[in-house]
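**Q**
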Amino acid sequence: MAYWLMKSEPDEVSFADVLAAPGKTVAWFGVRNYQARNFMRDQMKVGDGVLFYHSSCAVPGVAGIAEVVSDPYPDASQFDKKSHYYDPKATPEQPRWVSVDVKAVEQGSYLPLSEMRTMAELEDMVLLQKGSRLSITPVSAGQWKAVLKRLRAAS
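If you're matching positions, the sequence shown starts at 1066 in the working numbering and goes up one per residue.
1. Can you tell me the Cβ-Cβ gap for P1125 and L1178, rounded? I've got them flagged as a contact below 8 Å.
2. Counting only the same chain and skipping the five closest in sequence on each side, list residues whose C-beta sits under 7 Å from that of R1182.
3. Residue ranges of each beta strand (DSSP E) run of no fewer than 3 residues wholly in the segment 1075–1156, ordered along the chain?
4. Measure the Cβ-Cβ separation of G1129 and F1144 and say whether it is below 9 Å.
5. Is the beta carbon of V1091 sitting closer than 9 Å to the one on M1105?
6. Taking just the CA atoms, how far does A1155 sit from V1134?
7. Within 10 Å of its beta-carbon, does K1072 have 16 or more other beta-carbons around it, so buried, or fewer, so exposed?
8. Comparing alpha-carbon positions, which option in P1137, L1084, R1217 lies nearest V1170?
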């Protein structure tokens, strides 16, 4: 089992939106970075853990725990000319971008980025490295456990 931190802007898809979705599951769409896409396409597996992270908001942080519940498949938004994520170079025969389905597992207590920066166990977390901007990053087992412990202790 692997662990991931996946960033979402809460005004587009929040953890509350996932909790309210049918089956508490949403498609993770709109990734337009090759490295993040490659993580989804080549390394993510059904059952992997996800730290659902709210970004580009007043208080960024981990909003909940989710899991990957599908294999990667072509992101439909790349073909939709009305979508912000439309890619004119993508075709159904040769899609460029993928999605995976993510299911909410546990909400816990919100963990702000500012607090994550103070946790010694997260010192090497990719998210906290200078210049890190990827929307999807790997998380070590130790980092996963530290975040879960904090989310559960404060709720």
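Backbone N, C-alpha and C define an ideal beta-carbon position, used for all residues, glycine too.
**A** The relevant details are as follows:
1. Contact flag correct, Cβ pair sits at about 5 Å.
2. For R1182, where only same-chain residues beyond five positions count, the Cβ hits under 7 Å are L1193.
3. The qualifying runs are 1090–1093, 1114–1119, 1126–1133.
4. Cβ atoms of G1129 and F1144: not closer than 9 Å.
5. Going by C-beta atoms, V1091 is not nearer than 9 Å to M1105.
6. A direct Cα-to-Cα measurement between V1134 and A1155 gives close to 25 Å.
7. Answer is buried; the Cβ neighbour count reaches 16.
8. Measuring from the Cα of V1170, the nearest candidate turns out to be L1084.
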